[in-house]
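Just so you know, the sequence shown maps onto residues 16 to 998 in the working numbering. For glycine and all other residues, C-beta sits at the position ideal for the given N, C-alpha and C. Read through the structure below, which is laid out as structure tokens, and then see the notes.
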Amino acid sequence: MKRMRMLGIGLRLLVAVALVFGVIRWMTASEPILHATSVSTEQLLSFESKAEALPYAKLMFQFPEAADTDDSLKPIAIAPAEYTAAAEEAVLKTGNEQGETVLSWENEQGWVEWAFEAPQGGWYELHFEYKPLEGGNASVVRGVQIDGKYPFVESERIELERLWKDSKYPYDRNTIGQQIRPAQSELSEWSSKAAAIFSASSEPVLYRLEQGKHTLRIVGERESVAIRAISFKPKEAIPSYENYKRLHPEVEAQPSWYSIIEAEQFERKSSLAIQTDFWSEPYISPDPKGRITYNVLGGQRWRLPGEWVEWKLTVPENGWYEIDLKTFQNYRNGFEAYRTVSIDGKTPFQELLHYGIPTNKEFLIGALADNEKTPMLFYLEKGAHTLRMTADSSMVQPVYLALKETLDQLAAFDRHIRLLTGNYSKSGFDANIDSTRTWDMKKLKPDVEQKMAGFITRLTDIRNYINGLNKKDSDLSEAIKGSVAILEKMHKDVDEIPNKINDFSTIQNNIGTWMATLTQQPLLLDYIVVRTPGTETNLKVASTLSRVPYSIADFGRSFYMDYDTRKHNRKEALTIWVQRGRDYVELLREMVDQDFTPRTGIEVNINLMTNPNMLILGNAAGDVPDIALGVGESTPADYAMRDAVQDLSGFPGFKDVFDRFIPGVGRSLSYDGGIYGLPEVQNFQMLFYRTDILEGLNLKAPDTWEDVFDMLPTLQENGMTMNYPKSDFSTLFFQNGAEAYSTDGLKGTLSSDAGQQAFKRWTELYRKYNLPIDIPAFFQHFRDGDIPIGVADFNTYVQLLVAAPEITGHWKIAPLPGIKQASGEVERWSPQGISAAMIMKKSDRKDDAWKFLEWWTSEEVQSQYAKDIESFYGIEFRWNTANVDAMKALTWPSDDLKALQEQARWAKNMPYVPGYYFLTREMEFAWNRTVLEGIPAQESLEQAQLSLQREMDRRQNNFGITADDDLHIPQITQPYEWEEPQR
């Protein structure tokens, strides 16, 4: 027994050692090195492009002489106020500022045109002096046409950034020592910029002007702007590193000196989206010591091409200096993150264009160095300098263009094979693949083998180019490798292609997943070091061994450090729990301290509710807040059924407060004649459509469902389709005049005549009209253009604004398709999801709680909160308030606001009654039975009605509700009317 015990201990030790060795090996392992290949960028871009959609990268290969500088070219100045033509919808005003004439373009619509003459033909940069006007938080976007045409496709979207900085540094801390991000301040100042597109080129883009007369047309796309100067200038030469050193004094011995600039202590940035973050590990600067400390910058919040950050560097003497960066770059396996570096507004030498920072599992401290890893030297004069780093994806643009073209060809080939073989559906339940049928594909398509070989060669070339660029393998490279293997199997036996037709979709999805992030360049920065050559800083990065004592110290702090803000609650103060992120809570706390408490004298404790179950458990234990914010749409009615939440309709001024919201939205907050919550933010379903694609197909955005059915054949003939979320049955029910429940809330009415009609329409979308059943990422398909129209929510709207810059100006939103009535009006009833605020029944301070809700839901407070949260974190954090007056005050594009207001008129939310949770489940089951199993719609819906009613009866019995009771479901029969004309 003793020997067996010793053997067991030995085996455990062996396993432990192996595990530790494996972890260390994983932590320190380097990626396999791959050699560069002979595939050139020119080969990669050898595909044909339409003249009207020529990428800038291809244009430069067509005219290699554009890269040369021409000292004989002279600048061409254009006075903005002296335009020769303008569109009627462009709101233009001229004025004088600081003695200079300024053109103010006060909306984002229309175009402005100037006539000018080029004394000499050549390639020119286009320079602007501009200032964004007050309004939105997004950058200004304008298209640039020369002689009535876009010279290259990227010219449709030239970005003129707004400038931002933190309103204070260092950051404030809350009661338990956690840092609080400050508001972001916009720097309202004039800026000079050459038109640049860092997804296409690390240098300003060039426009070809022949000698003679020309027109310059600037096309409005986004935001308003003032312009005081426009000019075409010749390209400036950027020396090589060797020439740069020759242009400055010899390197001499300098005393040891270095300076650390914290990444979070930046001077300016080009986007609200670029944010600081907190990080905890050994040698991070500054060390958080157990508290949230914003000590790094960027990561996924600094990833889009063209986003830049500036820091101030100060050096003690004239001389040569090295620059180190402490970075973390493990967001895209195998790919470098590229930054173009400039000092005092200019890139010192060519090697700092698209400078690559390698991927690594840990933070690295590395000097800006040449290909031999030798630190590069910078000559700086004594005093302050500005260092700018700009996210740059121009190195991967050839890969993106080649992959997109190849996948487009693959999709066209897929459609062609389906037409030849009669297999039109991509849906799994009705795809007519007959595996026993034999095909003679060479007879149907004689060049099928050449086509397949072409795809294999093309994807192999792209993969080799990627590996040569990165010098190592990557996730995208592996996805391409797997796709090539699928194609090679098809190529071996082309007669099997019809039976493997869905493999084409698999390939497109596999590669498309990685393509979505290909041009993104995330990089996390801890600090920057400026030092004299050879100076030892002794700065370190975390190692496996250093993490052990650091983790122990952090663990130890958890025993004595205070992490619960509730312990600091003031006695007799109003207590609020908020089911949102920490940043939302901190902003609310600041506004309460600055406005609500001074105004009312009511002190407030605000705590983070990380889990909705805290409210359930707290209510059971008698430990509940006075107010809960950010709760789900069904929560107020759920608690009302259990008499755990206060009816708000009895408070003074309730009607005036409730009139702040659209009645159909508040419907979901009612129960048994009472109102148990107030809406805070609302979601919306809208119709999204690609204007460029629909115009190319001579289609218009549909106004009714009949319009949708008329346009679907054209879309599907061109390999496209429409998205409609299969879980949304409510919209079609409400539009067809159906309700899920009777007016007393005691009976389900799914199988009514109107309900049968709505259910039939819902299921026919997928069986008859062949809409796709599951689209994991409508956003990506919409961006790619294969699903150029669809119904989606507010999250998609924000995604498109933030993460799809290449289609800015090529998409719009419209109200949902509806059903035209005899009066000619189109009814567009649809639910709008909300989060709500409610007062708990056990609160001892209900009157004070009501005063808070009056204040919180007011137009003034909601507008300010929406503005502040967006200025903190960017448009991704847009607060889509439910207050109708505050909603109009947000910075929506005018066309979008008009569409939103029209759809908001038809808001009608589903009421909540005992047993409501069975409704969604049973409707999903009914849909599955009809669409996937082929059971008749009427039979399937009747089954759903029986199951729903059974559960409703059971829950009514639990709550003591009798057949004579009435839950008073609010009936919404007329759309909301805005009090003022839509903008």
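Residue range 589-593 is occupied by the beta strand (DSSP E) that includes Trp592. The beta carbons of Pro373 and Gln344 sit about 7 angstroms from each other, so the pair counts as a contact at 8 angstroms.
The C-beta of Asn479 has 16 or more other C-beta atoms within 10 Å across all chains shown, which makes the residue buried. For Pro373, no alpha helix (DSSP H) segment is defined, and its DSSP state is neither H nor E. Taking 8 angstroms as the cut-off, the Cβ atoms of Trp826 and Thr706 count as close. Annotation: the segment 192-270 contains the following complete segments of the beta strand (DSSP E) (minimum length 3 residues), in chain order: 199-201, 206-209, 221-224, 227-237, 240-249. Around the beta carbon of Ile567, fewer than 16 other beta carbons lie within 10 angstroms, which makes this residue exposed. DSSP places Ala959 inside the alpha helix (DSSP H), whose first and last residues are 952-973. Under the criterion of beta carbons closer than 8 angstroms, Asp488 and Met505 do not qualify as touching, at roughly 24 angstroms. CA-CA distance, Glu238 to Gly125, rounds to 12 angstroms.
Membership of Met656 in the alpha helix (DSSP H) is indicated by the continuous run 650-656. Check the Cα spacing between Leu262 and each of Gln269, Ile253, Pro270: the tightest is with Ile253. In the pairwise beta carbon analysis, the segment 134-154 is classified as touching the segment 214-225: at least three pairs are separated by under 8 angstroms.
When C-alpha distances from Ala72 are compared across Leu379, Leu554, Val411, Gln523, the shortest belongs to Val411. Phe247 is a Cβ neighbour of Pro90, given a cutoff of 8 angstroms. The beta carbon of Thr590 sits closer than 6 angstroms to the beta carbons of Asn620, Pro640, Asp641 from its chain, once the five residues preceding and following it are set aside; these are given in chain order.
Within the same chain, Cβ atoms closer than 7 angstroms to the Cβ of Phe364 are found at Ile253, Pro254, Ser255, Tyr256, Tyr259, the five residues on either side in sequence being excluded.
When secondary structure is reduced to three states using DSSP, Phe167 falls in the coil class, being assigned neither helix nor strand.
DSSP places Arg172 in the coil class of the three-state scheme, outside both helix and strand. For Ala819, there is no enclosing alpha helix (DSSP H), as DSSP gives it neither H nor E.
Judged by DSSP in its simplified three-state form, Gly313 adopts strand. Just so you know, the alpha carbons of Leu730 and Leu714 end up roughly 9 angstroms apart. The beta carbons of Tyr704 and Pro803 sit closer together than 8 angstroms. Contact check for Arg283 against Trp179 passes: the beta carbons are separated by less than 8 angstroms. In the structure shown, Gln918 falls within a helical segment according to DSSP collapsed to helix, strand and coil. Taking the CA atoms as reference points, Thr872 sits about 18 angstroms from Pro613. The beta carbon of Phe793 sits closer than 6 angstroms to those of Asn738, Gly805, Ala807, all from its chain and outside the five residues before and after it, given in chain order. If you look at His983, you'll find it isn't in any alpha helix (DSSP H); DSSP assigns it neither H nor E. Taking a contact to require three or more Cβ pairs closer than 8 angstroms, the segment 168-186 and the segment 810-828 qualify as touching. Exclusion of the five residues before and after Ala922 leaves Ile677, Gly679, Val680, Gln847 as the residues of its chain whose Cβ lies within less than 6 angstroms of its Cβ. With respect to the C-alpha of Ala268, the residue from Met925, Gly150, Asp598, Thr547 having the closest C-alpha is Thr547.
With the rule of 3 Cβ pairs closer than 8 angstroms, the segment 758-772 counts as touching the segment 955-974. By the Cβ criterion, the segment 379-391 is not in contact with the segment 419-426, since fewer than three pairs of Cβ atoms, one from each stretch, lie closer than 8 angstroms. For Gln58, the number of other beta carbons within 10 angstroms of its own is below 16, and it is reported as exposed. In this structure, Leu175 and Ser200 do not form a Cβ contact; the two beta carbons are roughly 19 angstroms apart against a cut-off of 8 angstroms.
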